[in-house]
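All remarks here apply to the structure that follows.
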Amino acid sequence: MTIIANVSPKRERKSKRSKHVVDEKVPLLPKRQGEQDGFDEFDGASFTGAVFNLSTTIVGAGIMALPATMKVLGLILGIAMIICMAFLTEASIELLLRFSRASKSSSYGGLMDDAFGKYGRIFLQTCVLINNIGVLIVYMIIIGDVLSGTSSSGLHHAGILEGWFGAYWWNGRTFVLLVTTLGVFAPLACFKRIG
Numbered sequence: 055m056t057i058i059a060n061v062s063p064k065r066e067r068k069s070k071r072s073k074h075v076v077d078e079k080v081p082l083l084p085k086r087q088g089e090q091d092g093f094d095e096f097d098g099a100s101f102t103g104a105v106f107n108l109s110t111t112i113v114g115a116g117i118m119a120l121p122a123t124m125k126v127l128g129l130i131l132g133i134a135m136i137i138c139m140a141f142l143t144e145a146s147i148e149l150l151l152r153f154s155r156a157s158k159s160s161s162y163g164g165l166m167d168d169a170f171g172k173y174g175r176i177f178l179q180t181c182v183l184i185n186n187i188g189v190l191i192v193y194m195i196i197i198g199d200v201l202s203g204t205s206s207s208g209l210h211h212a213g214i215l216e217g218w219f220g221a222y223w224w225n226g227r228t229f230v231l232l233v234t235t236l237g238v239f240a241p242l243a244c245f246k247r248i249g
């Protein structure tokens with residue numbers, strides 16, 4: 055007895071995000087850079103771009119967070135919390151990698167979309183936005199304190215610009231932060247990717 059399998063060609067699904075026809079067998083990421091010319095917006099991060107992004111995140115957040123953590127918690131509890139956060143970070147990265155392979159997702163947003171649907175992805179993007187705004191505010195506070203100085207409890211600590219040039223209107227905190235925001239942060243925020 056011969057069983058005849060269905061030999062009709064498979065129907066190809068339309069992608070939700072684009073109008074292109076998607077074959078289920080095509081990998082999300084090509085093996086080599088020139089293998090696929092169909093990338094519209096994101097063509098993968100380069101190794102140097104990924105290292106730069108990770109190192110600036112670690113160094114920037116670490117320099118700002120560790121002294122405050124040690125001051126509030128003390129030495130023993132502060133070190134214990136740092137070690138605890140290291141284990142939690144390692145576990146979360148392991149879960150992300152494991153489930154991104156299982157779901158064949160190439161981005162964190164895509165993984166959240168697969169796991170929790172549209173609202174999970176939106177929640178993730180909102181959390182990332184709030185985190186980035188918070189880090190930007192911390193950077194601005196540090197830049198304002200270092201460049202234009204600070205006054206608290208009746209004490210005035212001169213900033214770099216005030217120490218070099220004296221007290222003028224252009225080295226006040228408001229003007230320094232305005233120039234830094236428009237001259238440094240705004241152009242950096244306009245890049246699609248740093249790589």
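The numbering used here numbers the first residue of the sequence shown as 55 and each following residue consecutively. Here a beta-carbon is modelled for each residue, glycine too, at the ideal position from N, C-alpha and C.
- Query: Which one of G203, G208, V233 and P121 has the shortest CA to CA distance from A221?
  - Reply: G203
- Short check: CB of A132 to CB of M124, under 8 Å? This sequence places Gly at residue 132; Ala is not what is there. Yes.
- Looking at the structure shown, is S160 part of a helix, part of a strand, or coil, going by DSSP? The answer is coil: DSSP assigns S160 none of H, G, I, E or B.
- Measuring CB to CB, does M194 end up less than 8 Å from L232? Taking a C-beta distance under 8 Å as the contact criterion, M194 and L232 do not qualify as a contact pair.
- Taking C-beta to C-beta, are L201 and L215 nearer than 8 Å? yes
- Query: If we ignore side chains and look at the alpha-carbon of each, how far apart do N239 and V189 end up?
  - Reply: Before going further, note that residue 239 is Phe rather than Asn in the sequence given. Using only the alpha carbons, I get a separation of about 12 Å.
- Message: Which residue wins for smallest C-alpha separation from N234, given the options G171, D199 and I147?
- Response: The question names Asn, but residue 234 in the sequence shown is Thr. Out of G171, D199 and I147, D199 has the C-alpha closest to the C-alpha of T234.
- Task: Under the assumption that L165 contacts F153 (Cβ atoms under 8 Å), give the Cβ distance between them as a whole number of angstroms.
- Result: Between the beta-carbon of L165 and that of F153 there is about 6 Å, and that keeps the pair under the 8 Å contact cut.
- Message: Can you give me the C-alpha to C-alpha distance between L149 and S157, rounded to a whole angstrom?
- Response: 12 Å
- Message: If I measure Cβ to Cβ from H211 and keep anything under 7 Å in the same chain, skipping five residues before and after, which residues do I get?
- Response: G203 and T204
- Since M135 contacts L127 with CB under 8 Å, what's their CB separation in whole angstroms? 6 Å
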